[in-house]
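Student:
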Amino acid sequence: MQLDKAKIRQSFAAASVTYDGVAALQRTVGKALLAMIDRESLSGDLLDVGCGTGFLTSELLAHTPSLIALDMALPMLQVARSKLAGTANVSYICADAEQLPLAGHSVDGVFSNLALQWCVNIEAVFTEMKRVLKPGGRLVFSTFGPQTLQELKAAWADVDDFNHVNEFHSVAQLRHFLQQAGYAEISIEIRIYRPRYASVLALMQELKHIGAHNVMAGRNKNITTKAQMRQMMAAYEQHRNGGFIPATFEVFMVRVS
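If you read the sequence shown in our numbering, its first letter stands for residue -13, the second for the next number, and so on.
1) Rounded C-beta distance between Pro132 and Glu153? I'm assuming under 8 Å.
2) In terms of residues, what are the limits of the alpha helix (DSSP H) holding Thr14?
3) Assuming Thr134 and Glu236 form a contact by the criterion Cβ under 8 Å, report the distance between their Cβ atoms to the nearest whole angstrom.
4) Please state the DSSP three-state secondary structure of Ile79.
5) State the CB to CB distance for the pair Glu109 and Gln191, rounded to an integer number of angstroms; the pair is presumed to be in contact (CB under 8 Å).
6) Does the stretch -12 to 7 come within contact of the stretch 19 to 33, defined as at least 3 CB pairs closer than 8 Å?
7) Quick check on the DSSP output: the alpha helix (DSSP H) that includes Tyr222 runs from which residue to which?
8) Are the CB atoms of Lys120 and Val93 within a distance shorter than 9 Å?
9) Using alpha carbons as the reference points, say which of Tyr222, Asp(-10), Gln159 lies closest to Thr129.
10) What's the C-alpha gap between Pro232 and Arg180?
11) Given a cut-off of 9 Å on the beta-carbon distance, is the pair Phe(-2) and Gly197 in contact?
12) Reducing DSSP to helix, strand and coil, say where Pro61 ends up.
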């Protein structure tokens, strides 16, 4: 899986003004992630990696004396800072999760909601998180699994052999990367979400507005023709039921220490 880091940063920067209007799934998953966290993990100094516009940041602030909101897209961070204006116990850092500008053993907990799947080098991310966590600290995050957008992927497969949909790590791969980073206790829960859309175009517009469209390196650089788009949409329409089309999102809820 090869991701283009520059495209990722540009994509999420551009989506900062539209993100909150369409990020219902991200909020749903974020609330579910918080619900499965024990109160002990919410104490002390916390780090929110890939904070986006600050939804999880805002929720975490109710439980901690000090929180760092970190994102690689400066416009996203600026939106979060504006929404949380006047809050004294939060700091904002624009940085890459692969190179956290934090001292070792400086935070009690690291949290991340549907952001780590966009990291180019996930092994480096987990190693950095392990470095900044205090002994006994917890890492809790959600991320997409390989079944995500399987209907869209299958529809594009009827058109050509290029990758039109991002690939995501499996449970086995995540567990391996976490073990390599030095985590001993790893708990991974799989949840499937299937929101429904009025059309394929509505789904694709939502993906664009949250910055989650195709950011893979090596994808087809030619402009998709109208005929190809119609062919893909016709293939996707086979899934229509009750007036709507579904989209599968496989989410891994991960707790490690």
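Even for Gly, the Cβ is constructed at its ideal location relative to N, Cα and C.
Tutor: Let me spell this out:
1) Mapped onto the sequence shown, residue 132 falls at position 146. Mapped onto the sequence shown, residue 153 falls at position 167. Contact holds; Cβ gap of about 7 Å.
2) Numbered from 1 along the sequence shown, position 28 holds the residue referred to as residue 14. It spans 10 to 21 - the alpha helix (DSSP H) in which Thr14 sits, taken as one unbroken run.
3) Taking the first residue of the sequence shown as position 1, residue 134 is located at position 148. Taking the first residue of the sequence shown as position 1, residue 236 is located at position 250. Right, the Cβ-Cβ distance comes to about 5 Å (below 8 Å), so this counts as a contact.
4) For the purposes of this step, residue 79 is taken as residue 93 along the sequence shown, with counting starting at 1. Looking at Ile79 - three-state DSSP - the assignment turns out to be strand.
5) Within the sequence shown, numbered from 1, the residue matching residue 109 stands at position 123. Within the sequence shown, numbered from 1, the residue matching residue 191 stands at position 205. The Cβ separation is near 33 Å, so there is no contact.
6) no
7) Start at 1 with the first residue of the sequence shown, and residue 222 comes out as number 236. 212 to 222 is the span of the alpha helix (DSSP H), which, as asked, contains Tyr222.
8) Indexing the sequence shown from 1 puts residue 93 at position 107. Indexing the sequence shown from 1 puts residue 120 at position 134. Closer than 9 Å, so yes.
9) Position 143 of the sequence shown, counted from the start, is the residue given in the question as residue 129. For the residues Tyr222, Asp(-10), Gln159, the minimum Cα distance to Thr129 belongs to Gln159.
10) As a working note, residue 232 is residue 246 in the sequence shown. As a working note, residue 180 is residue 194 in the sequence shown. Cα to Cα, the separation comes out at about 6 Å.
11) Counted from its first residue, the sequence shown places residue -2 at position 12. Counted from its first residue, the sequence shown places residue 197 at position 211. The answer is yes: Cβ separation under 9 Å.
12) Counting from one through the sequence shown, the residue named residue 61 turns up at place 75. Here Pro61 sits in helix by DSSP.
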